[in-house]
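Everything below concerns the one structure shown next.
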Amino acid sequence: MAITLLSEFPKQIEIEGKLVSSDKYLYESVTNLMSTLVIAPDNPDAGVLYLAHGLNNVINHMKCFDDTSETRVMLFINMLCLLSTQIQKILPYHIPKVESNDTLYGNDENFINEIHQRLTRICEQIIQTLKDLATTNPKRQSTLALEFFSRLIAHGDLNQPKCMKFAVNLWDLAQKSSTPDTQKSAVI
529 MAITLLSEFP KQIEIEGKLV SSDKYLYESV TNLMSTLVIA PDNPDAGVLY
579 LAHGLNNVIN HMKCFDDTSE TRVMLFINML CLLSTQIQKI LPYHIPKVES
629 NDTLYGNDEN FINEIHQRLT RICEQIIQTL KDLATTNPKR QSTLALEFFS
679 RLIAHGDLNQ PKCMKFAVNL WDLAQKSSTP DTQKSAVI
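Numbering (the numbering used here), first residue to last: 529 to 716.
Written as structure tokens, this is what we have:
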């Protein structure tokens with residue numbers, strides 16, 4: 529499977545004779561892949577969300593990220609967006625004559641439960657990263673909390689009290705170590 533090849537992504541790549549971090553290119557490639565996974569049907573024999581699960585595992589085990597990189601957590605945040613899109617009854621786009629997961633699974637309760645479980649696990653991973661940053665890099669924690677907050681309000685169900693409370697907590701965390709960047713982002 530092509531997704532597993534991402535685990536071989538180098539930590540640095542050569543551009544114009546200089547070695548540079550591959551984070552930016554990896555982020556773009558994986559994010560583009562996620563856009564494709566929105567419409568890519570799962571193999572029913574492999575199980576529900578097989579491709580998304582495989583991608584999440586690869587992101588978890590990639591060794592190419594710099595220690596100071598935000599790429600892994602940003603990819604987890606993007607994974608939340610992918611799964612939030614997958615749970616919709618009708619996907620935002622399709623390929624003619626290709627049955628996507630909305631057609632294959634529709635409102636199947638097992639499919640929806642699986643997405644909810646995966647969303648919960650990914651949120652826990654992001655929260656752990658934010659906790660780890662509390663003492664080492666509060667400004668970075670604030671920036672990532674604001675990004676997580678932005679995605680949550682765009683893709684989450686804020687009619688659910690737990691989701692709304694979580695959004696408020698993320699907002700408070702983002703403002704805790706507020707920098708001009710996060711203040712500017714908060715206004716926009």
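The beta carbon of each residue, even a glycine, is placed where N, CA and C say it ideally should be.
Discussion item. If the criterion is Cβ atoms closer than 8 Å, does the pair residue 606 and residue 559 meet it?
Written reply: Taking the first residue of the sequence shown as position 1, residue 606 is located at position 78. Taking the first residue of the sequence shown as position 1, residue 559 is located at position 31. Yes, Cβ-Cβ distance for residue 606 and residue 559 is below 8 Å.
Fill in: Contact check, residue 613 vs residue 555, beta carbons under 8 Å
Here the question's residue 613 lines up with position 85 in the sequence shown. Here the question's residue 555 lines up with position 27 in the sequence shown. No, Cβ-Cβ distance for residue 613 and residue 555 is not below 8 Å.
Worksheet item: In three-state terms, what does DSSP make of residue 688?
Response: Here residue 688 refers to the residue found at position 160 when the sequence shown is read from its first residue. The answer is coil: DSSP assigns residue 688 none of H, G, I, E or B.
Worksheet item: residue 678 to residue 631, Cα distance in whole Å?
Response: In the sequence shown, the residue the question calls residue 678 occupies position 150. In the sequence shown, the residue the question calls residue 631 occupies position 103. Approximately 29 Å between the Cα atoms of the pair.
Worksheet item: Relative to the C-alpha of residue 591, which residue among 662, 681, 655 and 532 is closest?
Response: Numbered from 1 along the sequence shown, position 63 holds the residue referred to as residue 591. Comparing Cα-Cα distances from residue 591 to each of 662, 681, 655 and 532, the minimum goes to 532.
Item to complete: Taking the CB atoms as reference points, tell me whether residue 646 and residue 611 lie closer together than 8 Å.
Response: By 1-based counting over the sequence shown, the position of residue 646 is 118. By 1-based counting over the sequence shown, the position of residue 611 is 83. For residue 646 and residue 611, yes; Cβs fall inside 8 Å.
Item to complete: Within 10 angstroms of the Cβ of residue 580, are there 16 or more other Cβ atoms? Answer buried if so, exposed if not.
Response: In the sequence shown, the residue the question calls residue 580 occupies position 52. Result: buried.
Fill in: Own chain partners of residue 698 with C-beta closer than 7 Å, once the 5 adjacent residues on each side are dropped
Here residue 698 refers to the residue found at position 170 when the sequence shown is read from its first residue. Sequence-distant Cβ neighbours of residue 698 in its own chain, meaning closer than 7 Å and more than five residues away, are 673, 676, 677 and 680.
Worksheet item: Secondary structure at residue 549, three-state DSSP: helix, strand or coil?
Response: Numbered from 1 along the sequence shown, position 21 holds the residue referred to as residue 549. DSSP places residue 549 in strand when its eight states are reduced to three.
Worksheet item: Any contact of the region 569-576 with the region 620-629, i.e. 3+ C-beta pairs under 8 Å?
Response: Yes: at least three Cβ pairs fall under 8 Å.
Item to complete: Note down, one range per segment and in chain order, each alpha helix (DSSP H) of at least 4 residues found wholly within the region 576-640.
Response: Runs of the alpha helix (DSSP H) lying entirely within the region 576-640, each at least 4 residues long, are 578-589, 599-614 and 629-633 in chain order.
Worksheet item: Just curious, the beta strand (DSSP E) that residue 543 is in, first and last residue?
Response: By one-based count along the sequence shown, residue 543 stands at place 15. Taken as a continuous stretch (DSSP letters only), the beta strand (DSSP E) holding residue 543 covers 540-543.
Item to complete: Please name the residue in 669, 665 and 664 whose C-alpha comes closest to that of residue 655.
Response: The sequence position of residue 655 within the sequence shown is 127, counting from 1. Cα-wise, what sits closest to residue 655 is 669.
Discussion item. Nearest by alpha-carbon distance to residue 619: which of 564, 685 and 690 is it?
Written reply: Walking along the sequence shown from the start, residue 619 turns up at place 91. When only C-alpha atoms are compared, the closest one is 564.
Practice prompt. Can you give me the start and stop residues for the alpha helix (DSSP H) that residue 670 sits inside?
Written response: As a first step, residue 670 is located in the sequence shown; it is residue number 142 there, counting from the start. Per DSSP, residue 670 belongs to the alpha helix (DSSP H) from 666-683.
Worksheet item: With respect to the alpha helix (DSSP H) encompassing residue 531, which residues constitute its N-terminal and C-terminal limits?
Response: Residue mapping note: residue 531 aligns to position 3 of the sequence shown, counting from 1. Boundaries of the alpha helix (DSSP H) harbouring residue 531: 530-533, taken from the DSSP string.
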